[in-house]
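S.K.: Counting from 68, one number per residue, gives the positions in the sequence shown under this note's numbering.
Yeah, the Cβ is synthetic: ideal placement off N, Cα and C, and Gly gets one too.
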Amino acid sequence: MPPLVVGNWKMHGTQQMALSLARKVKRAARELRGVEIGVAPPFTALPALARVLKDSPVALVAQNVHWQAAGAFTGEISALMLTELGCRYAIVGHSERRHIFKETDEHVARRFSACLTDALRPILCVGETWPERRRGATERVLERQLDSALKGIGKTAIGKFDIAYEPVWAIGTGHNATPEQVSAVHGWIVKSFRRFLGDRGHKRASRILYGGSVRPDNCASLAAVDDVDGFLVGGASLDAESFVAIARAFC
Ligand code: PGA
68 MPPLVVGNWK
78 MHGTQQMALS
88 LARKVKRAAR
98 ELRGVEIGVA
108 PPFTALPALA
118 RVLKDSPVAL
128 VAQNVHWQAA
138 GAFTGEISAL
148 MLTELGCRYA
158 IVGHSERRHI
168 FKETDEHVAR
178 RFSACLTDAL
188 RPILCVGETW
198 PERRRGATER
208 VLERQLDSAL
218 KGIGKTAIGK
228 FDIAYEPVWA
238 IGTGHNATPE
248 QVSAVHGWIV
258 KSFRRFLGDR
268 GHKRASRILY
278 GGSVRPDNCA
288 SLAAVDDVDG
298 FLVGGASLDA
308 ESFVAIARAF
318 C
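(1) Is any heavy atom of ligand 1 found at a distance shorter than 7 Å from the C-beta of Leu299?
(2) How many angstroms separate the CA atom of Thr141 from the CA atom of Ala107?
(3) Please specify which runs of the alpha helix (DSSP H), each continuous and at least 4 residues long, are wholly inside the stretch 132–161, giving them in chain order.
(4) Which residue's Cα is closest to the Cα of Gly80: Arg207, Ala224 and Ser304?
(5) If you count every other CB in all the chains shown that lies within 10 Å of the CB of Ser288, and 16 or more means buried, which is it?
(6) Is the stretch 105–123 touching the stretch 164–179, taking contact as three or more C-beta pairs under 8 Å?
(7) Looking at C-alpha atoms only, which residue of Asn131, Ser180 and Thr205 is the closest neighbour of Val159?
(8) Would you say the beta carbon of Glu195 is closer than 7 Å to some non-hydrogen atom of ligand 1?
(9) Do you know whose CA, among Glu143, Ser309 and Ala204, lies nearest Pro234's CA?
(10) Please name the residue or residues paired with Arg164 in a DSSP beta bridge.
(11) Please state if the CB of Gly153 and the CB of Leu187 are separated by a distance shorter than 8 Å.
(12) Asp296: buried (16+ other C-beta within 10 angstroms of its C-beta) or exposed?
(13) Report yes if the C-beta of Gly138 is less than 7 Å from at least one heavy atom of ligand 1; otherwise report no.
(14) Going by CA-CA distance only, name the one from Pro109, His161, Asp185 and Ala291 that's closest to Ser145.
(15) How do the stretch 191–211 and the stretch 225–233 stand: do at least 3 beta-carbon pairs fall below 8 Å, yes or no?
(16) I'd like to confirm something about Glu103: is its beta-carbon nearer than 7 Å to some heavy atom of ligand 3, or not?
(17) Please confirm whether any heavy atom of ligand 1 lies closer than 7 Å to the CB of Ala303.
(18) Could you pull the start and end residues of the alpha helix (DSSP H) that His120 belongs to?
(19) So, are the CB atoms of Val92 and Phe310 less than 8 Å apart?
(20) In the DSSP output, which residue or residues are listed as bridge partners for Ile190?
(21) I think Tyr156 touches Ile104, with their Cβ atoms under 8 Å apart; what is that distance to the nearest whole Å?
(22) What residue range is occupied by the uninterrupted alpha helix (DSSP H) comprising Leu217?
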């Protein structure tokens, strides 16, 4: 699978801005070989972007997804609604969802499973806070987050999801994890896959992205790390030139 670079636009911009950014990314993506690109706009921009990105290799990504197909869940959106609009991926368990909106491991696991059954490829975000890292609990936290989402999945789900390692302390702070820190965690995740999934499927079937203050000036050293198969980019993805420069690190 090619490396995957996704721009998470979070709750930014107007329709006009989303359209203009998507058009620029679409144009630039034509010249990028060997890397898959996705954009995750606010939900309200999905229909317009689906039209702009039709017949383009740029994938449409949802920022979240609910676990039920339909029902009385004010403010939520289902996997079916997203695939109907052409979304190929959904981010689940982003740290802002976990920390600001108090989503638990159980919520995240349910969102993750709903994607798998509805042919939406989830990007499962995991990551430790700074106090957790400081007290040496990084692996324990990641193990809990991975275990809770992966324990229930069946054989057929192998190869149908990706993981994003996003240390909470690196998101939006300008302080990215160092290549050494990323290498240690990604290597640990690869090993853990074997434990969670046995020999049935591991890293090659699931990409492991890094996210947290990825910028044009640090992307090359992070992309060069073994077991880094892409990026989840926040702030820098709101500028087409920066985002494309980041994606180019994998070309
Ligand atoms: P950042 O955000 O690139 O602005 O640190 C990353 C993310 O939230 O996925």
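M.R.: Based on what the coordinates show:
(1) yes
(2) 21 Å
(3) 146–151
(4) Ser304
(5) exposed
(6) Touching, no, given that fewer than three Cβ pairs across the two stretches are closer than 8 Å.
(7) Asn131
(8) no
(9) Ala204
(10) Looking at the DSSP assignment, Arg164 forms no beta bridge with any residue, so it has no partner.
(11) no
(12) buried
(13) no
(14) Taking only the C-alpha atoms, the option nearest Ser145 is Asp185.
(15) yes
(16) Ligand 3 is not part of this structure, which contains only ligand 1.
(17) yes
(18) With the sequence shown as reference, residue 120 is identified as Leu, and His is not the correct amino acid for it. Where Leu120 is concerned, there is no enclosing alpha helix (DSSP H), given that its DSSP letter is neither H nor E.
(19) By the CB criterion at 8 Å, Val92 and Phe310 fall inside the cutoff.
(20) Ile158 and Asp229
(21) Actually they are not in contact, since the Cβ atoms of Tyr156 and Ile104 sit about 11 Å apart, beyond 8 Å.
(22) Start and end: Thr205 to Leu217.
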